[in-house]
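In the working numbering, the protein residues as written are 3 to 354.
Okay, so here's the structure we're looking at.
Below is the structure:
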């Protein structure tokens, strides 16, 4: 285990914001995870697990504890024992997510093609149940392997045991900060058909065109690039954590009130059978933000709304974490004042 002191965290985040970690360890093996966790526990040092850094905002003061950077990589594919047409991919938690998606698409395995272009690592996908364009990893995750910091042993969870819901799992709710994910197994369908339930995808493949997995994943990356949601170097709109706010899940009464007050019908997205059966709808947070008066490019100093997508807050260059939070607070309070809806922050806040 290589232990570093006062390691600047900004370079490890897509926001390019954040002060130093008092202690920093990059773990490439499960043994190093155990060693680092033991070192922190014996000294009473707070521990934060860092993956791809694409979904967090680090305090300007940094983190007064140990940051454990998960860097275990590798992908192993094998036929499922129960269903021969399905493939189980065992993926190291530090494996680049988009590279893994490309691998599965090239293998002609369906299930995560709409999640192409999402930054970060595989280990972060079960934590927040990563989803986009009508797909969620909850439908493909077969098993999650993790180190239990409380019981000091490795455990494995089936998908059902992960407690998945919209942008939620046991790992970011009831068991937050308890488990360090080291491996994720995904169950994908060999030769399966691509998913294109979202309107943006359906319009592109109208007229009887039957898209391939490659077609769908390429289009998703194209759409993400047009919204600044594809990480590219030296592009200001990419210095963000993607969507800063979650699309709110609202009941029909709340939606009706929004429609009455605005005179318009807010865009809505599939919320899943369970929520829809309960009379709930997923409404566009971007639309709520725009209706509250925030246009693309709206700026407060070096922090601004993306020029490509109102759901992303960006570092125009030199922005601090406090700059980002001040803009987020203004947006959140304006939406609540306008519609009575409280927007929930999506990125993890570290060191505040």
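Every residue, glycine too, gets a C-beta built ideally from N, C-alpha and C.
Only a predicted model underlies this, so the values are computations on that prediction, with no experimental measurement involved.
Put simply, the stretch 213–227 touches the stretch 116–129. At least three CB pairs are less than 8 angstroms apart. As the crow flies, the alpha-carbon of residue 147 is around 41 angstroms from that of residue 299. Contact between the stretch 286–300 and the stretch 38–47 is absent, with fewer than three C-beta pairs closer than 8 angstroms.
Residue 337 carries a helical assignment under DSSP once its states are collapsed to helix, strand and coil. Note: residue 317 is bridge-paired with 305 in the DSSP secondary-structure output. For residue 158, DSSP records a beta bridge to 147.
The beta-bridge partner set that DSSP reports for residue 90 consists of 80, 189. Here the alpha carbons of residue 8 and residue 125 stand approximately 25 angstroms from one another. Taking 8 angstroms as the upper bound for CB-CB distance, residue 64 and residue 11 are in contact here, some 6 angstroms apart. Take residue 213, set aside five residues on each side of it, and the residues of its chain with a beta-carbon closer than 7 angstroms to its own are 196, 198, 207, in chain order. At a cut-off of 4 residues, the continuous stretches assigned as alpha helix (DSSP H) that sit fully inside the stretch 208–278 are 215–228, 254–264.
Assigned with DSSP and collapsed to three states, residue 114 falls in coil, not helix or strand. Taking 8 angstroms as the cut-off, the Cβ atoms of residue 61 and residue 353 count as close. Using a 10 angstroms sphere on the CB of residue 268, the tally of other CB atoms reaches 16 or more, which defines it as buried. By the Cβ neighbour-count rule, residue 112 is buried, with 16 or more other Cβ atoms within 10 Å of its own.
Per DSSP, residue 70 is one residue of the beta strand (DSSP E) stretching across 65–72. Assignment of beta-bridge partners to residue 10 by DSSP yields 22.
At the C-beta level, residue 182 and residue 51 come within 8 angstroms of one another. Linking residue 332 to residue 73 through their CA atoms gives a straight-line distance of about 36 angstroms. Under the three-state reduction of DSSP output, residue 35 falls in the helix class.
The Cβ atoms of residue 91 and residue 203 do not sit closer than 8 angstroms to each other. Non-local beta-carbon contacts of residue 219 in its own chain, meaning distances under 7 angstroms to residues more than five positions away in sequence, involve 103, 107, 115, 118 in chain order.
If you draw a straight line from the Cα of residue 217 to the Cα of residue 100, it is about 15 angstroms long.
The beta carbons of residue 287 and residue 247 sit closer together than 8 angstroms.
Counting along the chain, the unbroken beta strand (DSSP E) around residue 283 starts and ends at 282–285.
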